[in-house]
Amino acid sequence: MLIKEIDLDFGKVTIHDKILIAKLNEGVLFDVPNNRKLLDLGTEIFKGENYGYISHRVNSYAVDPMVYFESAKTSNLKAIAVVSDSEMTRRNAQEVERKFYKDSNCFEVFTTLEDAVSWIKTKI
Numbered sequence: 783m784l785i786k787e788i789d790l791d792f793g794k795v796t797i798h799d800k801i802l803i804a805k806l807n808e809g810v811l812f813d814v815p816n817n818r819k820l821l822d823l824g825t826e827i828f829k830g831e832n833y834g835y836i837s838h839r840v841n842s843y844a845v846d847p848m849v850y851f852e853s854a855k856t857s858n859l860k861a862i863a864v865v866s867d868s869e870m871t872r873r874n875a876q877e878v879e880r881k882f883y884k885d886s887n888c889f890e891v892f893t894t895l896e897d898a899v900s901w902i903k904t905k906i
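The structure is reproduced here in structure tokens:
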């Protein structure tokens, strides 16, 4: 159930039941300042309740792995999922990005948004 849709300068975020889903713009660098904007949204919207984050990678862009150190400080962010139909994107997320997140059991990679949503719900 879609609750809210928010346009940011680096992409679009949709808020569902305790899940924040981001589709970032082609060619952006998703860095710590952009990540803080997403974390601030999570704080504002979920008001301390547990939630999950899905990076729905329909476009090609770069991710600074340092964003995961920042995300790890957010106690009510319980899980992060990456969704992509690109094998290279999935492999990079699995083999590189995952290592930077505090709990690799709470970071998973999927080929479909539906599978990611189902998994996130088990974590929150």
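Note that this note's numbering has the sequence shown beginning at 783, numbered continuously upward. Beta carbons are placed, not taken as given, at the ideal position from N, Cα and C, and that holds for glycine. Values in this document were obtained by computation on a predicted structure and should not be read as measured data.
{"Item": "Residue ranges of each alpha helix (DSSP H) within the segment 816-899, 4 or longer", "Value": "849-854 and 869-877"}
{"Item": "Status (buried if at least 16 other CB within 10 Å, exposed otherwise) for Glu879", "Value": "buried"}
{"Item": "Alpha-carbon to alpha-carbon, Trp901 and Phe892", "Value": "9 Å"}
{"Item": "DSSP three-state assignment for Ile902, whether helix, strand or coil", "Value": "helix"}
{"Item": "Per-residue DSSP class, three states only, for Val795", "Value": "strand"}
{"Item": "Exposure label - Arg818; buried when at least 16 CB within 10 Å", "Value": "exposed"}
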